[in-house]
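For what it's worth, this note's numbering labels the leading residue of the sequence shown as 21, then goes sequentially. Ideal Cβ positions, reconstructed from N, Cα and C, are used throughout, including at glycine.
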Amino acid sequence: MPRDTRGLLHKFFCGGTLIAKSWVLTAAHCLVSDFATDITVFVGLHDTADVEDSPYSIHLIKKRVTYPRYDPESNDNDIALLRLYDEVKLSDNVGFACLPSYLQASPDRSVVCKVLGWGGGTHRTILQEADMNIQPIKSCKRHYYGTGNVITRHMLCASSRNYASDTCGGDSGGPLLCRDPKTPSRPWTLFGITSFGDDCTVSEGPGVYTRVSSFRKWIDSVIACDGLC
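Okay, here's the thing in structure tokens:
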């Protein structure tokens, strides 16, 4: 979980997902926010109000790699990688998220996915999760038509039943995890990264997520060259 470390004030403002021992996947817009001048990553944190008893590790960032064609106006290609200075120690509470294959189709609407985050507004201290289903891209385009938000092939949309739950601003960069129907063990797989959506207090439409499978080759290449290519 990235946080601002300027001065004496700390603010948890975005999420991320550990995908390798030194690499976290997040949203590009998290790295251009007002809070992103000086950030660290908390791995394994569950309760932001009880950091003494919550098992976690803190990591400084060695390098930020934003996707070259990220468009802050449309939020297209909203994806970035954080290279940590040191490797994360894996445990029963900390592990890697699986990634979909390149251009792998997202699960159908019958598959229950999950989003994770602490939310925004009335800030919850305990990590929250909500069930989501992938929504047809056509209905997502209709919902956002005329709002200035263009839904592209690099995005996917998801919502909870009757829009009862949704991600909020503080959840940006966090994961949309689904069981991978193409893998025998059906592991939880990072199909989406929380990007944008309606005001979560009045949401009547799907949230929009960066489609991770569109960027699998880029992710692999950046990690392979340690962020130097």
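Item checked: For R206, the three-state DSSP class (helix, strand or coil) -> DSSP places R206 in coil when its eight states are reduced to three.
Next item on the list: Kindly indicate the opening and closing residues of the alpha helix (DSSP H) around V232.
Entry: Neither: V232 is in no alpha helix (DSSP H) and is coded neither H nor E.
Margin query: Using the Cβ count rule (16 or more neighbours within 10 Å means buried), how would you classify L28?
Written below: The predicted model places L28 with a pLDDT of 38, which falls under 50 and marks its position as unreliable; any figure quoted below should be read in that light. L28 should be labelled exposed.
Checklist line | Same chain, Cβ closer than 7 Å to H174, neighbours up to 5 away in sequence not counted | finding: So the qualifying residues of the chain are D96, N97, T230, R231, S234.
Next item on the list: For G193, I'd like the list of residues in its chain whose CB is within less than 7 Å of its CB, leaving aside the five on either flank, ordered along the chain.
Entry: C34, G35, G36, T46, A47, C50, I213, T214
Margin query: Closer than 8 Å is the cut-off here; do at least three beta carbon pairs connect the segment 131-139 with the segment 194-204?
Written below: yes
Next item on the list: Please state if the CB of G64 and the CB of V114 are separated by a distance shorter than 8 Å.
Entry: yes
Margin query: Can you tell me whether K41 is helix, strand or coil according to DSSP?
Written below: coil
Notebook entry, point to check: By DSSP, does A178 sit in helix, in strand, or in coil?
Noted result: strand
Note to self: In chain order, what are the residue ranges of uninterrupted beta strand (DSSP E) at least 3 long that sit wholly in the segment 66-111?
What the structure shows: 77-86, 100-104
Check: In whole angstroms, what is the alpha-carbon distance linking N153 and D191?
Finding: 17 Å
Next item on the list: Pull up the CB-CB distance for R129 and Q155, whole angstroms please, since I reckon it's below 8 Å.
Entry: A Cβ-Cβ separation of about 7 Å places R129 in contact with Q155 under the 8 Å criterion.
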